[in-house]
Ligand SMILES: NC(=O)c1ccc[n+]([C@@H]2O[C@H](COP(=O)([O-])OP(=O)(O)OC[C@H]3O[C@@H](n4cnc5c(N)ncnc54)[C@H](OP(=O)(O)O)[C@@H]3O)[C@@H](O)[C@H]2O)c1
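Numbering (my numbering), first residue to last: 1363 to 1609.
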């Protein structure tokens, strides 16, 4: 029996997560939508339903385990067993290192590290019992080595990469594919391109390219799984990786 096409997308209320949720729905997935702001999730669900898809709104703080477990139960009860989890929810903190408080650090870890940990733990055991499933972690270049003033964010994303890799090796033999999708650079969301004025749109990673890569990972045969993939635009926007300009 082929796996039912049920996806859970975190951070689906806006930005990249909304695009991912819509794409998953277009690919035939019924989609559980997670974020804290119910009204934004309702908007995503409405876009999906207008296009003929199926979505369930489950307002959830991914940093709170009980809420994550309740959301996963609701999605599996209403839609069916989750076959794809996209860990996309994230929060940024940009602050000089000496000003990062303990609360700031906790907050970044809660959303960017505990969140994917709780969500993955809630679904991956059931996927393994069924012998199939995909878990994808949407990372940024900070999961390798971050720019200045992002110490808390970088630490939280680096930890998320470690979870992605551990899950990949622990569950691959049980049919579950875990992959880290590292988006190395600014994404071409409207808020970003608007602020950038007349910058070449190719400076930004297109959300469509992120969704294309996600679908590629999800549809990979189990004898050719990718555990980690990077996407970056030809234009490297961070000084630390920018190509040297000709004198
Ligand atoms: N934008 C970029 O240029 C870029 C580049 C590389 C990687 N990324 C990664 O891509 C992901 C999405 O980024 P984005 O730019 O689309 O972000 P965004 O526009 O700020 O959206 C973030 C989403 O995550 C949700 N979220 C935040 N905290 C949450 C929590 N505690 N529990 C549940 N949901 C939560 C937000 O909803 P609520 O606030 O309502 O909860 C929202 O739906 C992030 O992981 C980010 O690190 C982004």
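Cβ atoms here follow ideal geometry from the backbone N, Cα and C, with glycine treated the same way.
Nearest-angstrom beta carbon gap, residue j and residue i [assumed within contact, 8 Å]
| i | j | result |
| --- | --- | --- |
| residue 1409 | residue 1437 | At roughly 18 Å, the Cβ-Cβ gap does not stay under 8 Å, so residue 1409 and residue 1437 are not in contact. |
| residue 1377 | residue 1371 | 11 Å between Cβ atoms; not a contact. |
| residue 1538 | residue 1490 | 5 Å |
| residue 1474 | residue 1519 | 6 Å |
| residue 1368 | residue 1392 | 5 Å |
| residue 1591 | residue 1551 | In fact, because the Cβ distance is near 20 Å, the residues do not count as touching under 8 Å. |
| residue 1498 | residue 1541 | 5 Å |
| residue 1545 | residue 1502 | 6 Å |
When the options are compared against residue i, the one with the closest alpha-carbon
| i | options | result |
| --- | --- | --- |
| residue 1373 | 1386, 1490, 1398 and 1562 | 1398 |
| residue 1416 | 1430, 1390 and 1402 | 1390 |
| residue 1421 | 1433, 1413 and 1376 | 1433 |
| residue 1596 | 1564, 1572 and 1581 | 1564 |
| residue 1583 | 1526, 1496 and 1543 | 1496 |
| residue 1411 | 1381, 1387 and 1560 | 1387 |
| residue 1573 | 1549, 1561 and 1560 | 1549 |
| residue 1424 | 1568, 1509 and 1477 | 1477 |
| residue 1457 | 1581, 1567 and 1511 | 1511 |
| residue 1431 | 1394, 1401, 1413 and 1460 | 1394 |
Check: residue i C-beta below 7 Å from any heavy atom of ligand 3
| i | result |
| --- | --- |
| residue 1581 | No copy of ligand 3 appears in this structure; the ligands present are ligand 1. |
Secondary structure of residue i, DSSP reduced to three states
| i | result |
| --- | --- |
| residue 1555 | helix |
| residue 1540 | strand |
| residue 1592 | strand |
| residue 1530 | helix |
| residue 1586 | coil |
| residue 1372 | strand |
| residue 1501 | strand |
| residue 1394 | strand |
* **Unbroken stretches of the alpha helix (DSSP H), 4 residues or longer, contained in the segment 1464 to 1495** => 1464 to 1471 and 1477 to 1492
* In chain order, each alpha helix (DSSP H) run of at least 4 residues that lies wholly inside the segment 1402 to 1466 -> 1427 to 1440
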